[in-house]
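Below is one structure, written out as structure tokens, with a few remarks after it.
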Amino acid sequence: MSARTPSITPEQQVQEDLMRLDAYRSQLSQLLQQHQLLESSRADHLRARETLDGLDRIDPQREVLIPLGAETYLRGSAAVNAPVLLGIGSGVVAEMDRAKASEVLHERLTRLDEAGRELGGQVEAVQDRIDILTQRIESMTQGGSAPSATDDVGGD
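Residue numbers (my numbering): 5 to 160.
Below, the structure is given as structure tokens:
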């Protein structure tokens, strides 16, 4: 005698799929929020790198506006060999020359781009699962034949 799993009714399958769909939508929302944070960080890093590179092209005696945040600026000049203070995490700031700071920012941008691509792939995978479940639920609720409950919509 073999152990049999109880048969799942179509209504139970729809309920399970709706719960799974809700979980995937929640996961998608979280992934999209992470993607927005990555894009915001990328924009900040790109702006910082472009500003550093631009400082080398202006007259050292020319006045520049230094943004402090909240639309507040300080007038000043950019000394040619002035060190750059660069945050390295946990509130720690390191002092380095412009070329090194630009290189560090470039490396961070590369890592942010890689993370964005990876996150984009995860978003697509979750969206595909949502689409499959949505089609299956629609098919089952409209009385058509649904794809098998063993279709891969639960895999990570």
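Ideal Cβ positions, reconstructed from N, Cα and C, are used throughout, including at glycine.
Given this structure, state the Cα-to-Cα distance separating residue i from residue j, to the nearest angstrom.
| i | j | result |
| --- | --- | --- |
| Gln19 | Arg46 | 40 Å |
| Gln65 | Glu99 | 23 Å |
| Gly91 | Asp132 | 38 Å |
| Leu42 | Gln17 | 37 Å |
| Met23 | Ser30 | 11 Å |
| Glu54 | Ile12 | 60 Å |
| Gly73 | Ile134 | 40 Å |
| Arg61 | Gln40 | 32 Å |
| Gln37 | Ala119 | 13 Å |
| Gln113 | Ser94 | According to the sequence provided, residue 113 is Leu. The question's Gln does not apply to it. Going by the C-alpha atoms only, they are around 19 Å apart. |
| Gly80 | Leu69 | 6 Å |
| Tyr77 | Leu59 | 16 Å |
| Glu75 | Arg121 | 32 Å |
Please classify residue i: is it buried, with 16 or more other beta-carbons within 10 angstroms of its beta-carbon, or exposed?
| i | result |
| --- | --- |
| Ser33 | exposed |
| Val96 | exposed |
| Val84 | exposed |
| Arg140 | buried |
| Ser106 | buried |
| Ala86 | exposed |
| Gly147 | exposed |
| Asp63 | exposed |
Tell me the residue span of the alpha helix (DSSP H) that contains residue i.
| i | result |
| --- | --- |
| Pro14 | 14-59 |
Who are the near neighbours of residue i in its chain, counting only those whose CB is closer than 7 Å to its CB and skipping five residues on each side?
| i | result |
| --- | --- |
| Pro14 | Met144 |
| Leu35 | Leu123, Gln126, Val127, Val130 |
Out of the options, which one is the CA nearest neighbour of residue i?
| i | options | result |
| --- | --- | --- |
| Leu137 | Ala27, Ile12, Gly80 | Ala27 |
| Pro71 | Gln146, Ile62, Ala82 | Ala82 |
| Ser44 | Ser94, Asp117, Tyr77 | Asp117 |
| Asp101 | Leu113, Glu111, Val88, Gly93 | Val88 |
| Asp57 | Arg121, Ala103, Glu111 | Ala103 |
Could you give the residue range of the beta strand (DSSP E) that holds residue i?
| i | result |
| --- | --- |
| Gly124 | Note, Gly124: premise wrong, no beta strand (DSSP E); alpha helix (DSSP H) at 102-145. |
| Ser81 | 76-81 |
| Gly95 | Unbroken run through Gly95: none, as it is neither H nor E. |
| Pro71 | 67-73 |
Beta-carbon within less than 6 Å of residue i's beta-carbon, same chain only, minus the 5 sequence neighbours each way: which residues are those?
| i | result |
| --- | --- |
| Leu25 | Leu137 |
| Leu109 | His49, Ala52, Arg53 |
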